[in-house]
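Undergrad: Sequences listed follow chains A and B, in order. Heads up: take any position in the first sequence, counting from 1, add 1, and you land on our numbering. Heads up: take any position in the second sequence, counting from 1, add 267, and you land on our numbering. Quick reminder that beta carbons are idealized off the backbone N, C-alpha and C, glycines included. Keep in mind that this is a model prediction, so the values were computed, not measured. I have a structure I would like to understand better, so I am pasting it below and will then ask my questions one at a time.
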Amino acid sequence: MKRRDFLKGVACGGLLLAADVPSALAQPFARQQKAMPPEAVGILYDATLCIGCKACVAACKEHNSMPPDFSTTDQLWDNAIDLSGKTLNIIKLYTHGAGAAKDREDGFSFVKRQCMHCIDPSCVSACPVSALTKDPKSGIVSYNKGACLGCRYCQVACPYNIPKFEWDAPFPQIRKCQLCSHRIKEGGYAACCEFCPTGASLFGTTKDLLEEARYRLTLKPGEEYGFPVGRIGSRETSHRTVEAVYQPRIYGEKEGGGTQVLMLAGVPFDKLGMPKLSETSDAARSEGLQHMIYRGMIAPIALLGGLLYAVHRSTKNNDDR
Amino acid sequence: MGEFRPLGGKIVTRPFLVLAAVALFAGVLLVKRFVYGIGAVSNMSDGYPWGIWITYDVVVGTAFACGGYALAMLVYVLNKKTYYPLIRSAILASMFGYTLAGVSIFFDVGRYWQAYNLILPWYSQLSSVMFEVALCVTTYIMVLWIEFAPSFLERWNKERMLKVLRKVLFLFIAVGVLLPTMHQSSLGLLVYIAGQKVSPLWQTGFLPLLFLITSITMGYAIVVFESILSSVGFRRPLETGLLAKLSAIIPKLLALYLVIRFGDLIGRGELGLVFRGDMKSIMFIVENLLYLIPTVILFSPANRERPRMLFIGAVLMLLAGAVYRFNTFLVGFDPGPGWHYFPSFSETMITVGLIAVEIMGYLLFVKTLPVLPSLKHA
Ligand code: SF4
Ligand code: SF4
Ligand code: SF4
Numbered sequence: 002m003k004r005r006d007f008l009k010g011v012a013c014g015g016l017l018l019a020a021d022v023p024s025a026l027a028q029p030f031a032r033q034q035k036a037m038p039p040e041a042v043g044i045l046y047d048a049t050l051c052i053g054c055k056a057c058v059a060a061c062k063e064h065n066s067m068p069p070d071f072s073t074t075d076q077l078w079d080n081a082i083d084l085s086g087k088t089l090n091i092i093k094l095y096t097h098g099a100g101a102a103k104d105r106e107d108g109f110s111f112v113k114r115q116c117m118h119c120i121d122p123s124c125v126s127a128c129p130v131s132a133l134t135k136d137p138k139s140g141i142v143s144y145n146k147g148a149c150l151g152c153r154y155c156q157v158a159c160p161y162n163i164p165k166f167e168w169d170a171p172f173p174q175i176r177k178c179q180l181c182s183h184r185i186k187e188g189g190y191a192a193c194c195e196f197c198p199t200g201a202s203l204f205g206t207t208k209d210l211l212e213e214a215r216y217r218l219t220l221k222p223g224e225e226y227g228f229p230v231g232r233i234g235s236r237e238t239s240h241r242t243v244e245a246v247y248q249p250r251i252y253g254e255k256e257g258g259g260t261q262v263l264m265l266a267g268v269p270f271d272k273l274g275m276p277k278l279s280e281t282s283d284a285a286r287s288e289g290l291q292h293m294i295y296r297g298m299i300a301p302i303a304l305l306g307g308l309l310y311a312v313h314r315s316t317k318n319n320d321d322r
Numbered sequence: 268m269g270e271f272r273p274l275g276g277k278i279v280t281r282p283f284l285v286l287a288a289v290a291l292f293a294g295v296l297l298v299k300r301f302v303y304g305i306g307a308v309s310n311m312s313d314g315y316p317w318g319i320w321i322t323y324d325v326v327v328g329t330a331f332a333c334g335g336y337a338l339a340m341l342v343y344v345l346n347k348k349t350y351y352p353l354i355r356s357a358i359l360a361s362m363f364g365y366t367l368a369g370v371s372i373f374f375d376v377g378r379y380w381q382a383y384n385l386i387l388p389w390y391s392q393l394s395s396v397m398f399e400v401a402l403c404v405t406t407y408i409m410v411l412w413i414e415f416a417p418s419f420l421e422r423w424n425k426e427r428m429l430k431v432l433r434k435v436l437f438l439f440i441a442v443g444v445l446l447p448t449m450h451q452s453s454l455g456l457l458v459y460i461a462g463q464k465v466s467p468l469w470q471t472g473f474l475p476l477l478f479l480i481t482s483i484t485m486g487y488a489i490v491v492f493e494s495i496l497s498s499v500g501f502r503r504p505l506e507t508g509l510l511a512k513l514s515a516i517i518p519k520l521l522a523l524y525l526v527i528r529f530g531d532l533i534g535r536g537e538l539g540l541v542f543r544g545d546m547k548s549i550m551f552i553v554e555n556l557l558y559l560i561p562t563v564i565l566f567s568p569a570n571r572e573r574p575r576m577l578f579i580g581a582v583l584m585l586l587a588g589a590v591y592r593f594n595t596f597l598v599g600f601d602p603g604p605g606w607h608y609f610p611s612f613s614e615t616m617i618t619v620g621l622i623a624v625e626i627m628g629y630l631l632f633v634k635t636l637p638v639l640p641s642l643k644h645a
């Protein structure tokens, strides 16, 4: 094979590649990141208030009609050990060493796991059939089983491993927290927040929650504060002395482009199993690269044009083909 | 006409029966999957939602099935008529490879009865890489059957239809080059959205380009591999001269690939990960040695004339591409502590059964249809 032929060979796939290489080189090739929806709602989970009672886990099951998930052989009570096709919300425990002091890295801490309702969600970007959608107003990410293929690309894509699949069902679906949108429709709010006795899970607009979280970061141990219980704006508050020292960060404010579910804790978030994410969402990055290659379908159409010409030429004066 | 001949001979041979038994066993396991759910046969989990069905059957399988694509580029785009005798068996293998990848998707997805949602405009999600891959692959399967149709028509002496088909075939051949270019690169793009869950050894914006180049090298390699294998298996003369010429393209593409692969790693400052000594780094080294060795072997023109070297080079290259894809989708994929995946016996047997069906189909078709070149031309 001659050198010229090789070059021709390379040039052949070349149109696509030409569109592809600079896009991979150029750093900011991500598409514009999605912005927070105007009436975004969410949850602020403050681990330092959480007493690990799991009232939220029970309430979530009840109000979302989810079955119990057994992890002991006697199968007597719901005791899921992780999120699954049966469990949308879970309280986990971090311990270190003797684990004596609460909310300290050398002690212990609770952590609540559920869908983060990302501002620019990977799952929505990944789903081929719009089974996962983000409400343009409330920003709630919900699931439509009537559309879903069960391809599980959402599971691969989600940085928090949230969507769960019903592995043992012949007609399975994807399961994940939908922020109790069915209750919100009827004027209610997230069950996990409503039934949380301490206000550790707090419902509200993401804007208010961010404000609340920022204020809490200014609190010093020993100070008194009336923590709202249930939802922001409710009359119920829990007056208590601040004991823990907060990590100086609101998890979810920036992570992966931001989330509508936010977190405060005394223990570093990576210790609590929360992934370290860059401020650019993976959805923006991936769609950016994809759009770069396929922008206006120009590269594929040009390539097809070239191919049609070449193939036609090489097949016409030929009895054989 | 006359350039290709059915091979003839007995169809139900002993190897054929063994393959049939394997396929039957896989069929029984598939019944279990449809009655009790995917978890009943597979080790996939919420941490590893994709196992070997996606990684092997679809991602590796369709790359192994790129022979038709790679040869069509040479024969029809670059007008290299010398390779024409190889084209039909290459298209046939591609047709089976892609068709079975399509079949495997039906038992891999959970809600297969809603698969048609993909083409309902109100559900289609154009920004989804999966959407593009699924649509491209489905279309390409149909294109491959049309590209192969002349073999059927010749066999059944449908002269009129053959004439009509030949007039429009160039359209399908052109689309048949476009589609793999699109979806083979997009297969790499699939994991891009998984972000930090994929090790920096594999996670890069160059994934589409790297997947595209290696799908082409795997395409050429599979043509060499199949040609030598069927020459030996069916006791036909080797097409060494042709294969040697064909193999000259490969090392250049591979060298280009390696330059991009390592340039990218160095550019991102992640080269250090190669020397960690953990599973990921070992698999990375294995993968790249598998690329490097055939590159070196096939750069030598003398080696390219030796069937044994050609064969070894082709096998290594196919392995390299397969390991690269397994690494990107499974070894390099880390959803966090506590998750493990290794395919179960049943899961593996279903994939093996699929491969058995593929080989049976290939044997049946080359024996009964004009696929392999007539001997006087070989
Ligand atoms: S946490 Fe996961 S499932 Fe929830 S919105 Fe974000 S990407 Fe989707
Ligand atoms: S499993 Fe369903 S919801 Fe998830 S990406 Fe696939 S089609 Fe969408
Ligand atoms: S918002 Fe509703 S569904 Fe989500 S975790 Fe709380 S109770 Fe469960």
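Using three-state DSSP, classify V142 (chain A) as helix, strand or coil.
TA: Here residue 142 (chain A) is taken as the residue at index 141 of the first sequence, counted from 1. Three-state DSSP puts V142 (chain A) in a strand.
Undergrad: Does the beta carbon of Q451 (chain B) sit closer than 7 Å to a beta carbon anywhere in chain A?
TA: Taking the second sequence and counting its residues from 1, one reaches residue 451 (chain B) at position 184. Not closer than 7 Å to any Cβ of chain A, the Cβ of Q451 (chain B) fails to qualify, so no.
Undergrad: Answer with buried or exposed for V285 (chain B), where buried requires no fewer than 16 other C-beta atoms within 10 angstroms of its C-beta.
TA: For the purposes of this step, residue 285 (chain B) is taken as residue 18 along the second sequence, with counting starting at 1. Exposed is the call here.
Undergrad: What's the call for K434 (chain B), buried or exposed, on a 16-neighbour Cβ count within 10 Å?
TA: On the second sequence, residue 434 (chain B) is found 167 positions in, with the first residue counted as 1. Burial call: exposed.
Undergrad: Pick out the complete beta strand (DSSP E) segments inside the region 182 to 232 of chain A, 3 residues or longer, and give them in chain order.
TA: Qualifying beta strand (DSSP E) stretches, in chain order: 202 to 206, 225 to 229.
Undergrad: G580 (chain B): buried (16+ other C-beta within 10 angstroms of its C-beta) or exposed?
TA: Sequence index remark: in the second sequence, residue 580 (chain B) carries index 313 (1-based). G580 (chain B) is buried by the Cβ-count criterion.
Undergrad: Suppose contacts are defined by Cβ-Cβ distances below 7 Å. Is T199 (chain A) in contact with E225 (chain A) by that definition?
TA: On the first sequence, residue 199 (chain A) is found 198 positions in, with the first residue counted as 1. On the first sequence, residue 225 (chain A) is found 224 positions in, with the first residue counted as 1. Taking 7 Å as the Cβ cut-off, T199 (chain A) and E225 (chain A) do not qualify as a contacting pair.
Undergrad: Can you list the residues near ligand 1, meaning Cβ strictly closer than 6 Å to any non-hydrogen atom, in the order they appear in the chain?
TA: Result: A:C116, A:M117, A:H118, A:C119, A:P122, A:S123, A:C124, A:V142, A:C159, A:Y161, A:I163, A:P164, A:K177.
Undergrad: For G328 (chain B), which residues from the same chain have a beta carbon less than 6 Å from its beta carbon, with the 5 sequence-adjacent residues on both sides left out?
TA: Locating residue 328 (chain B) in the second sequence gives position 61, where the first residue counts as 1. Contacts found: G364, A368.
Undergrad: Would you call the region 564 to 573 of chain B and the region 126 to 137 of chain A in contact, with 3 or more CB pairs under 8 Å?
TA: No, they do not touch.
Undergrad: In terms of residue numbering, what span does the beta strand (DSSP E) encompassing L263 (chain A) cover?
TA: On the first sequence, position 262 is the one that residue 263 (chain A) refers to. Start and end: 262 to 265.
Undergrad: Could you tell me whether any Cβ in chain B is nearer than 7 Å to the Cβ of R153 (chain A)?
TA: If you number the first sequence from 1, residue 153 (chain A) lands on position 152. Yes, its Cβ sits closer than 7 Å to a Cβ of chain B.
Undergrad: 7 Å is my cut-off, CB to CB: does P173 (chain A) come that close to chain B?
TA: Start at 1 with the first residue of the first sequence, and residue 173 (chain A) comes out as number 172. Taking Cβ atoms only, chain B reaches closer than 7 Å to P173 (chain A), which makes this a yes.
Undergrad: Quick one: Cα of G539 (chain B) to Cα of R153 (chain A), how far?
TA: Walking along the second sequence from the start, residue 539 (chain B) turns up at place 272. Walking along the first sequence from the start, residue 153 (chain A) turns up at place 152. Distance between the alpha carbons of G539 (chain B) and R153 (chain A): 32 Å.
Undergrad: Give the residues of chain B in contact with L308 (chain A), contact being defined as C-beta atoms less than 7 Å apart.
TA: Position 307 of the first sequence, counting from 1, holds the residue named residue 308 (chain A). Going along chain B in sequence order, the residues near L308 (chain A) (Cβ under 7 Å) are V344, A441, V444, L445.
Undergrad: Which word fits E280 (chain A), buried or exposed, when buried means at least 16 other C-beta atoms lie within 10 angstroms of its C-beta?
TA: On the first sequence, position 279 is the one that residue 280 (chain A) refers to. So E280 (chain A) counts as exposed.
Undergrad: Could you name the residues of chain B that L1 (chain A) contacts, counting a contact when the two beta carbons are closer than 7 Å?
TA: Here chain A comprises residues numbered 2 to 322, so residue 1 (chain A) is not present and cannot be evaluated.
Undergrad: Apart from the five residues just before and just after L274 (chain B), which ones in its own chain have a Cβ nearer than 7 Å to its Cβ?
TA: Translated into positions along the second sequence, residue 274 (chain B) becomes position 7. Result list for L274 (chain B): F501, V633, K634, L639, in chain order.
Undergrad: The region 135 to 165 of chain A: which residues have C-beta closer than 7 Å to a C-beta of chain B, in chain order?
TA: The region 135 to 165 of chain A vs chain B, Cβ under 7 Å: A148, C149, L150, G151, C152, R153, Y154, Q156, V157, A158, P160, N162, K165.
Undergrad: In the DSSP assignment, what are the bridge partners of Y46 (chain A)?
TA: In the first sequence, the residue the question calls residue 46 (chain A) occupies position 45. Y46 (chain A) pairs with A:S202, A:M264.
Undergrad: Which term fits T238 (chain A), buried or exposed, when burial requires 16 or more other beta carbons within 10 angstroms of its beta carbon?
TA: As a first step, residue 238 (chain A) must be located in the first sequence, where it is residue number 237. Under this definition T238 (chain A) is an exposed residue.
Undergrad: CB T43 (chain A) to CB Q261 (chain A), shorter than 7 Å?
TA: As a first step, residue 43 (chain A) must be located in the first sequence, where it is residue number 42. As a first step, residue 261 (chain A) must be located in the first sequence, where it is residue number 260. In the sequence on display, residue 43 (chain A) carries Gly and not Thr. Yes. Within cutoff.
Undergrad: For I413 (chain B), I'd like the list of residues in its chain whose CB is within less than 7 Å of its CB, leaving aside the five on either flank, ordered along the chain.
TA: As a position in the second sequence, residue 413 (chain B) is number 146, starting the count at 1. Cβ within range, chain order: F439.
Undergrad: Along chain B, which residues have their Cβ under 7 Å away from the Cβ of A284 (chain A)?
TA: Looking up residue 284 (chain A) in the first sequence gives position 283. Ordered by position in chain B, the residues that pass the 7 Å Cβ test against A284 (chain A) are I460.
Undergrad: Answer yes if the region 488 to 500 of chain B comes into contact with the region 572 to 587 of chain B, meaning at least three C-beta pairs across the two stretches below 8 Å, and no otherwise.
TA: Output reads yes: the region 488 to 500 of chain B touches the region 572 to 587 of chain B.
Undergrad: What is the DSSP secondary structure of H450 (chain B), reduced to helix, strand or coil?
TA: Here residue 450 (chain B) refers to the residue found at position 183 of the second sequence. Note: H450 (chain B) maps to helix in three-state DSSP.
Undergrad: Between the region 524 to 545 of chain B and chain A, which residues of the former have CB atoms less than 7 Å from a CB of the latter, in chain order?
TA: Cβ contacts with chain A come from no residue of the region 524 to 545 of chain B.
Undergrad: Does the Cβ of V400 (chain B) lie closer than 6 Å to at least one heavy atom of ligand 2?
TA: Against the second sequence, residue 400 (chain B) aligns to sequence position 133. False, no ligand heavy atom lies under 6 Å from that Cβ.
Undergrad: Should D169 (chain A) and G306 (chain B) be called a contact, given that it needs their Cβ atoms to be closer than 7 Å?
TA: Position 168 of the first sequence, counting from 1, holds the residue named residue 169 (chain A). Position 39 of the second sequence, counting from 1, holds the residue named residue 306 (chain B). Result yes, Cβ atoms of D169 (chain A) and G306 (chain B) sit closer than 7 Å.
Undergrad: CA-CA distance, F473 (chain B) and D531 (chain B)?
TA: As a position in the second sequence, residue 473 (chain B) is number 206, starting the count at 1. As a position in the second sequence, residue 531 (chain B) is number 264, starting the count at 1. Computed Cα separation, rounded: 8 Å.
Undergrad: Per the DSSP calculation, K93 (chain A) is bridged to which residue(s)?
TA: Residue 93 (chain A) sits at position 92 when you count from the first residue of the first sequence. DSSP, once it has assigned bridges, lists A:V112 as partnering K93 (chain A).
Undergrad: Are any of the Cβ atoms in chain B nearer than 7 Å to that of L45 (chain A)?
TA: For the purposes of this step, residue 45 (chain A) is identified with residue 44 of the first sequence, where counting begins at 1. L45 (chain A) does not count as touching chain B.
Undergrad: Taking C-beta to C-beta, are I322 (chain B) and L597 (chain B) nearer than 7 Å?
TA: Working through the second sequence from its first residue, we reach residue 322 (chain B) at position 55. Working through the second sequence from its first residue, we reach residue 597 (chain B) at position 330. Sequence check: residue 322 (chain B) is Thr here, not Ile. Their beta carbons are under 7 Å apart, which means T322 (chain B) touches L597 (chain B) by this criterion.
Undergrad: Under DSSP, the beta strand (DSSP E) around K547 (chain B) begins and ends at which residues?
TA: Within the second sequence, numbered from 1, the residue matching residue 547 (chain B) stands at position 280. Segment 546 to 566 is the alpha helix (DSSP H) holding K547 (chain B); no beta strand (DSSP E) there.
Undergrad: Report yes if the C-beta of L479 (chain B) is less than 6 Å from at least one heavy atom of ligand 3; otherwise report no.
TA: Counting from one through the second sequence, the residue named residue 479 (chain B) turns up at place 212. L479 (chain B): no, Cβ never under 6 Å from ligand 3.
Undergrad: Is it a yes or a no for the region 411 to 428 of chain B touching the region 447 to 461 of chain B, going by three-plus beta-carbon pairs under 8 Å?
TA: As far as the Cβ criterion goes, the region 411 to 428 of chain B does not touch the region 447 to 461 of chain B, which means the pair count is below three.
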